[in-house]
């Protein structure tokens, strides 16, 4: 407040001073005014015609008030809005920067597992996981021949230099392979494994730790309904000790809904003796059970606790060969987030991180274009509506028509008739929005056109262009900005809605609506829920940011709030 | 008042006729497979005769005239793909009852809650309760409702062990859809009531009442609240309009056999005649809603005179 007063004082003092100086400088005559005759007698050369100067004309009346500076000062006082604006700008910039970052996937490309390589991660307790996702950067460290597979292995630090052993199927002698460190990918060792001896296990430098154990892990694959047996460690922690002679330590992992599974062991021959096994939960490994299966009764029939579910094939409790080094085939489907696919992959193997940002780009593009169309068409139509009397009837009736019908219905109808693509979706969303803005502009034009300050400006000879820019526009900027800022989250929301009812963009184009909708269809599988949660969070952040920033900006831009 | 109502009614009917004309006109541009159940197997001659039989080859004004004539007799046409050749009115009637039940329950929940929240926010303007309520309103208004509806369904069903889908015989299966429908309406009722009440408190007569020592409670309930509720009356029939888009989501999310879910179904099956019928019904409902809202407001508030408003432009 104090600054404002001093500001005014400064100006008035300046004025006073300049007048005083001027007076002092002049040789003031004794007489103050001239009689009519004396005036007649003055020669015109004494006078100078004052040219009209736009800037000079209003200078005396103006403070150094600037509409936009004041608006921004008001806006930046609102800490919350500034924080939101920052988040928004960071998100916006990031969506454009993201494709340029290294190691990004194309959102449209379906990713396959690597054709010639496998990546094995060994954990502290000897658990080994084989994956077909290329975790290492750059080309293969060594080019695998036709019948070879390159195996990359990562072992815990405490293991030291790992030793690789491979063996052929069955009771063959293991052969040690040279483990070479990949200079470009720290922590990865690689070797070439031939097709003849594909079964590989890894031991630590001193040979005390190994991934190959004298036990069997039986796992169930929900998709195929089959069980798999392996001697590669699957459970965490130490193995169960005290295995009775002549038996095999066998672990089971079945879906939670099965309860405690029933396992009946039998010999290989049909009709041989059957023994029901007693299962004990494995400590610290939820969902795992173990039992000791007699060596001669290795065929295991597994059913759920109540007997309603049964595995397709029988489990085999025989020490099997170690991890088979064989490239994984197929698409990288429904991969959980990992270091290569940061947000995982979807059900056809596309990278969700890339699709996420691609979708954000698409949705923001749609939102911004819709908002721009609304602003441009709305302002033009509003000015025509306000200034051209003949068009008043037409626009008023159009407004009544559009305003009477829910915009959702218009949106649905328009996108049903025009087949979905980005331009048609933009067109469908732009049908209704502009008329509200046009009506507002029209009302403002009608109200403000003949206000006193406009009359004053016109009397001072201000050109119409200047009247519009300086007197009319500031009254509208706040509402135009608000409507634009709200049109963006609105359009993004409409896009999600259209996708949901089946009228959205083709599923191949990444957009937030498509991603949320895809995630929704998978939400009943808890392990795939991340595909819904991540786009939902991004979507909420974007819409809330635009909403709050738009509101704060329109408050700041309203001249009534400029004190 | 009566004259105004009649004028408005005539105008509404005109709007509806224009809308029907536009829809029927636009549908001419549509692919024609939406009219046949087994389009892929039909020969071009068969399609041609089928279209002629349905009257789709007639000029636009004939089609519109016929549609309006049938509409007046309560005939919306027959479904082509959703249920082959079943009259649309037969399909819609039972579904309307279901939609109405869910809608009315959620309205009965949201109206008192929304009003209470709005009044509370206005009374504690600028304080914590107001800020909290504002955060809720911003969230609901800004985030597309598809997103939080999905999470309500997901976590509501798993945490409280409620049914994921609607079952007519189990009333608990209605809890989640009603919550989903009520959340956005609570926020809009609260937002408007708060705004009206705050506006009202700044008026001179309230200042006068304060100055002459009227107790605060009396001011709030006898003056501010009463006067702010008047414009809310206008909103209530219109909020049926709001629930239409809401109910499209909730009904198809929870498989409620109502009108909103039906619209999604027929769009997915591309049943053109059903889509026209549903769009006409939804539009008619909202037009009537707006009309009733305006008339109701005139009845509630004697200060409002429509005749004057028409003239002053």
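Residue numbers (the numbering used here), protein chains in the order written: chain A, 1 to 563; chain B, 564 to 876.
Each residue gets a CB set at the ideal place from its N, CA and C atoms; glycine is no exception.
All of these numbers come straight from a predicted model, not from anything done at the bench.
Rounded C-alpha distance that separates residue i from residue j
| i | j | result |
| --- | --- | --- |
| residue 858 (chain B) | residue 571 (chain B) | 9 Å |
| residue 84 (chain A) | residue 17 (chain A) | 48 Å |
| residue 564 (chain A) | residue 304 (chain A) | Residue 564 (chain A) lies beyond the range of chain A shown here (1 to 563); nothing can be said about it. |
| residue 51 (chain A) | residue 555 (chain A) | 40 Å |
| residue 75 (chain A) | residue 157 (chain A) | 54 Å |
| residue 668 (chain B) | residue 258 (chain A) | 40 Å |
| residue 445 (chain A) | residue 622 (chain B) | 43 Å |
| residue 522 (chain A) | residue 361 (chain A) | 23 Å |
| residue 594 (chain A) | residue 759 (chain B) | A query on residue 594 (chain A) cannot be resolved here, the shown segment of chain A reaching from 1 to 563 and no further. |
| residue 814 (chain B) | residue 116 (chain A) | 50 Å |
| residue 576 (chain B) | residue 848 (chain B) | 12 Å |
| residue 330 (chain A) | residue 232 (chain A) | 23 Å |
| residue 871 (chain B) | residue 614 (chain B) | Because the pLDDT at residue 871 (chain B) is just 47, under 50, the model does not fix this residue reliably, and the value given afterwards should be weighed accordingly. Between residue 871 (chain B) and residue 614 (chain B), the C-alpha separation is close to 51 Å. |
| residue 552 (chain A) | residue 134 (chain A) | 47 Å |
| residue 688 (chain B) | residue 732 (chain B) | 44 Å |
| residue 411 (chain A) | residue 835 (chain B) | 16 Å |
| residue 495 (chain A) | residue 588 (chain B) | 25 Å |
| residue 96 (chain A) | residue 89 (chain A) | 11 Å |
| residue 316 (chain A) | residue 656 (chain B) | 60 Å |
| residue 582 (chain B) | residue 455 (chain A) | 43 Å |
Bridge partners - residue i, DSSP secondary structure assignment
| i | result |
| --- | --- |
| residue 520 (chain A) | None, per the DSSP bridge assignment. |
| residue 180 (chain A) | A:190 |
| residue 315 (chain A) | A:300 |
| residue 288 (chain A) | A:253 |
| residue 262 (chain A) | A:303 |
| residue 199 (chain A) | A:167 and A:324 |
| residue 526 (chain B) | Within the shown structure, residues of chain B are numbered from 564 to 876, placing residue 526 (chain B) beyond reach of any answer. |
| residue 229 (chain A) | A:218 |
| residue 274 (chain A) | A:266 |
| residue 331 (chain A) | A:112 |
| residue 645 (chain B) | DSSP lists no partner for residue 645 (chain B). |
| residue 560 (chain A) | According to DSSP, residue 560 (chain A) bridges with nothing at all. |
Partner residues on chain A for residue i, Cβ-Cβ distance less than 8 Å
| i | result |
| --- | --- |
| residue 567 (chain B) | Ordered by position in chain A, no residue passes the 8 Å Cβ test against residue 567 (chain B), which lies about 15 Å from the chain. |
| residue 846 (chain B) | 404, 405, 406 and 409 |
Listed by chain order, chain B residues near residue i by CB distance under 9 Å
| i | result |
| --- | --- |
| residue 497 (chain A) | 707, 708, 709, 808, 811 and 812 |
| residue 400 (chain A) | 574 and 578 |
| residue 492 (chain A) | 707 |
Residue nearest to residue i in terms of C-alpha spacing, selected from the options
| i | options | result |
| --- | --- | --- |
| residue 343 (chain A) | A:532, A:405, A:422 and A:194 | A:532 |
| residue 694 (chain B) | B:754, B:777, B:851 and B:595 | B:754 |
| residue 354 (chain A) | A:87, A:518 and A:101 | A:101 |
| residue 345 (chain A) | A:562, A:528 and A:48 | A:528 |
| residue 785 (chain B) | B:772, B:794, B:797 and B:621 | B:772 |
| residue 164 (chain A) | A:427, A:230, A:180 and A:224 | A:180 |
| residue 263 (chain A) | A:203, A:254 and A:371 | A:254 |
| residue 698 (chain B) | A:390, A:490 and A:548 | A:548 |
| residue 321 (chain A) | A:202, A:33 and A:457 | A:202 |
| residue 92 (chain A) | A:562, A:553 and A:546 | A:546 |
| residue 722 (chain B) | B:739, B:641 and B:788 | B:739 |
| residue 138 (chain A) | A:182, A:22, A:425 and A:348 | A:182 |
| residue 267 (chain A) | A:136, A:297 and A:280 | A:297 |
| residue 619 (chain B) | B:640, B:605 and B:691 | B:640 |
| residue 714 (chain B) | A:122, A:536, A:456 and A:229 | A:536 |
| residue 109 (chain A) | A:352, A:147 and A:314 | A:352 |
| residue 863 (chain B) | B:586, B:794, B:829 and B:765 | B:794 |
Beta-carbon neighbours of residue i, restricted to chain A and to distances below 7 Å
| i | result |
| --- | --- |
| residue 627 (chain B) | Near residue 627 (chain B) there are no residues of chain A at all, since even the closest Cβ is about 16 Å away, more than 7 Å. |
| residue 704 (chain B) | 547 |
Residues that residue i contacts on chain A, provided the C-beta gap is smaller than 9 Å
| i | result |
| --- | --- |
| residue 877 (chain B) | With chain B running from 564 to 876 in the structure shown, residue 877 (chain B) is simply not present. |
Residue i: contacting residues in chain B (beta-carbon distance under 7 Å)
| i | result |
| --- | --- |
| residue 503 (chain A) | 830 |
| residue 244 (chain A) | In chain order: nothing, as chain B lies at least about 43 Å away. |
| residue 489 (chain A) | 705 |
Neighbouring residues, chain B, relative to residue i (Cβ below 8 Å)
| i | result |
| --- | --- |
| residue 536 (chain A) | 710, 713 and 714 |
- Message: Give the list of continuous beta strand (DSSP E) stretches no shorter than 3 residues that lie fully inside the region 75 to 155 of chain A.
- Response: Qualifying beta strand (DSSP E) stretches, in chain order: 117 to 122, 128 to 131 and 148 to 154.
- Query: Where in the region 430 to 518 of chain A do unbroken runs of the alpha helix (DSSP H), each at least 4 residues long, occur, reported from the N-terminal end onward?
  - Reply: DSSP assignment within the region 430 to 518 of chain A yields the following whole alpha helix (DSSP H) runs of 4 residues or more, N-terminal first: 452 to 459 and 473 to 500.
- Considering only residues of the region 805 to 847 of chain B, which uninterrupted alpha helix (DSSP H) runs meet the minimum length of 4 residues and lie entirely inside it, listed in chain order? Restricting attention to alpha helix (DSSP H) runs no shorter than 4 residues, the region 805 to 847 of chain B encloses them at 822 to 832, ordered along the chain.
- Query: Which parts of the region 346 to 397 of chain A are runs of the alpha helix (DSSP H), unbroken and 4 residues or longer, counting only runs that do not cross its ends?
  - Reply: Given a length threshold of 4 residues, each whole run of the alpha helix (DSSP H) inside the region 346 to 397 of chain A is given here in chain order: 352 to 387.
- Message: Extract the residue ranges of the beta strand (DSSP E) inside the region 660 to 735 of chain B, only unbroken runs of 3 or more that lie entirely within it.
- Response: For the region 660 to 735 of chain B, not a single whole beta strand (DSSP E) run of length 3 or above is found.
- Residues from the region 580 to 612 of chain B in contact with chain D, defined by Cβ distance under 8 Å: Protein chains A and B are contained in the structure displayed, whereas chain D is not.
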